[in-house]
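Engineer: Counting along the sequence shown from 1, when you hit position 76 you're at 78 in the working numbering, and nothing is skipped either side.
Built from N, CA and C at the ideal position, the CB exists for glycine as well.
This is the structure, below, for whatever I ask next.
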Amino acid sequence: MAQREYTWLIRTAAKADLAPFFAYLDDHLRDNGADGGPLFQPMPRGESRLSGSMRLSFLKGLDIEVGSLGWRCLWLAIGPAGDIAGHIDLRSRPEMAARHRALLGMGVHRAHRCQGLASSLIETATQWAGIGWIDLEVLSENEPAVAPYLRTGFTMLARVSDMLRIDGVGYNLTHMTRALRWGEHFSIRLPARFPVDASLV
Ligand SMILES: CC(C)(COP(=O)(O)OP(=O)(O)OC[C@H]1O[C@@H](n2cnc3c(N)ncnc32)[C@H](O)[C@@H]1OP(=O)(O)O)[C@@H](O)C(=O)NCCC(=O)NCCS
Numbered sequence: 003m004a005q006r007e008y009t010w011l012i013r014t015a016a017k018a019d020l021a022p023f024f025a026y027l028d029d030h031l032r033d034n035g036a037d038g039g040p041l042f043q044p045m046p047r048g049e050s051r052l053s054g055s056m057r058l059s060f061l062k063g064l065d066i067e068v069g070s071l072g073w074r075c076l077w078l079a080i081g082p083a084g085d086i087a088g089h090i091d092l093r094s095r096p097e098m099a100a101r102h103r104a105l106l107g108m109g110v111h112r113a114h115r116c117q118g119l120a121s122s123l124i125e126t127a128t129q130w131a132g133i134g135w136i137d138l139e140v141l142s143e144n145e146p147a148v149a150p151y152l153r154t155g156f157t158m159l160a161r162v163s164d165m166l167r168i169d170g171v172g173y174n175l176t177h178m179t180r181a182l183r184w185g186e187h188f189s190i191r192l193p194a195r196f197p198v199d200a201s202l203v
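Structure follows, in structure tokens:
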């Protein structure tokens, strides 16, 4: 593979980043299934905007301790002009008993795609993670997303046919996961009440 040149700074986001991040994310969501591109969010094209509940989940989640329900961590890739080129976030699963796992979301601004940024963002998040597993769901036809997930060590668990109906069309949903090597890179531990079984990872 040709050597790729990375020109982005990837860093964790702070509360002060949220206003420009929300503007970026609202614009990003408008790409959902637009101009013949793949759908990447389970929402109708005409409603693909940043909702109040999404904003709130970032606003609240950044303040919640990792390992507690509702936590969220966000990283931003900053482009050469200081613009937000991409993002990745990890968030808690809704199940109390799955606090050692996280759900992943990500996006790359249309001007920065196909240069390996998604892979760099995934590696940043997985090197930070103080958790045992990262899970994600991706619309199966979203090949530009499936490719970097597979390249960075995610495994396909299941593909559910006709899981979603969007704008009157049925779509398959792929479930993927990646086990992290517990203890190698993490910086934040879960509370002792919820130890991760190291034999599982
Ligand atoms: C998915 C997304 C984050 C990928 O970002 P990116 O920085 O362009 O990703 P990368 O450059 O690391 O890798 C993209 C891969 O998809 C491939 N790809 C790009 N367009 C493709 C297409 N139309 N069909 C098939 N593969 C495609 C590229 O060849 C590349 O694979 P390779 O590195 O093995 O050659 C970006 O396209 C995006 O933001 N999409 C909308 C949001 C989204 O889908 N989020 C994920 C939801 S689960």
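Kindly indicate which three-state DSSP category ARG51 falls into: helix, strand or coil?
Structural biologist: Position 49 of the sequence shown, counted from the first residue, corresponds to residue 51. In the structure shown, ARG51 sits in coil (DSSP, three-state: anything other than H, G, I, E or B).
Engineer: So what does DSSP say about ARG183, is it helix, strand or coil?
Structural biologist: The sequence position of residue 183 within the sequence shown is 181, counting from 1. In this structure, ARG183 counts as coil in the three-state DSSP scheme.
Engineer: Please list, in chain order, all residues of the same chain as LYS17 whose beta carbon is under 6 Å from its beta carbon, the five residues on each side excluded.
Structural biologist: For the purposes of this step, residue 17 is identified with residue 15 of the sequence shown, where counting begins at 1. Answer for LYS17: no residue qualifies.
Engineer: Answer yes if the stretch 107–124 comes into contact with the stretch 159–176, meaning at least three C-beta pairs across the two stretches below 8 Å, and no otherwise.
Structural biologist: no
Engineer: On the DSSP bridge assignment, give the partners of LEU106 in chain order.
Structural biologist: Position 104 of the sequence shown holds residue 106. Among the bridge pairs identified by DSSP, LEU106 is matched with LEU92.
Engineer: Any heavy atom of ligand 3 within a distance shorter than 6 Å of the CB on MET158?
Structural biologist: Of the ligands this structure carries, namely ligand 1, none is ligand 3.
Engineer: Would ARG74 and ASP91 be called neighbours here (beta carbons separated by less than 7 Å)?
Structural biologist: For this step, residue 74 is matched to residue 72 along the sequence shown. For this step, residue 91 is matched to residue 89 along the sequence shown. Contact flag set, yes.
Engineer: With respect to 6 Å, is the separation between the Cβ of PHE42 and the closest non-hydrogen atom of ligand 1 below this value?
Structural biologist: Residue 42 sits at position 40 when you count from the first residue of the sequence shown. Checking the Cβ of PHE42 against ligand 1 gives yes.
Engineer: Verify whether the separation of the beta carbon atoms of TYR173 and LEU141 is less than 7 Å.
Structural biologist: Translated into positions along the sequence shown, residue 173 becomes position 171. Translated into positions along the sequence shown, residue 141 becomes position 139. Yes; because the gap between Cβ atoms is below 7 Å, this pair is in contact.
Engineer: Ligand 1 and ARG95: does any heavy atom of the ligand fall closer than 6 Å to the residue's C-beta?
Structural biologist: Taking the first residue of the sequence shown as position 1, residue 95 is located at position 93. Checking every heavy atom of ligand 1 against the Cβ of ARG95, none is found closer than 6 Å.
Engineer: Say yes only if the C-beta of ASN144 is nearer than 6 Å to one or more non-hydrogen atoms of ligand 1, and no if none qualify.
Structural biologist: Residue numbering aside, residue 144 sits at position 142 when the sequence shown is read from its first letter. It does: the Cβ of ASN144 is within 6 Å (strictly closer) of some heavy atom of ligand 1.
Engineer: So, with DSSP's three-state summary, where would you put ARG112?
Structural biologist: Walking along the sequence shown from the start, residue 112 turns up at place 110. Residue state, collapsed to three classes: helix.
Engineer: Between ILE136 and ARG32, what straight-line distance do the alpha-carbon atoms span, to the nearest angstrom?
Structural biologist: By one-based count along the sequence shown, residue 136 stands at place 134. By one-based count along the sequence shown, residue 32 stands at place 30. Cα to Cα, the separation comes out at about 26 Å.
Engineer: Taking the C-alpha atoms as reference points, what is the distance between ASP169 and ARG47?
Structural biologist: Taking the sequence shown and counting its residues from 1, one reaches residue 169 at position 167. Taking the sequence shown and counting its residues from 1, one reaches residue 47 at position 45. If you take the alpha carbons of ASP169 and ARG47, they lie about 7 Å apart.
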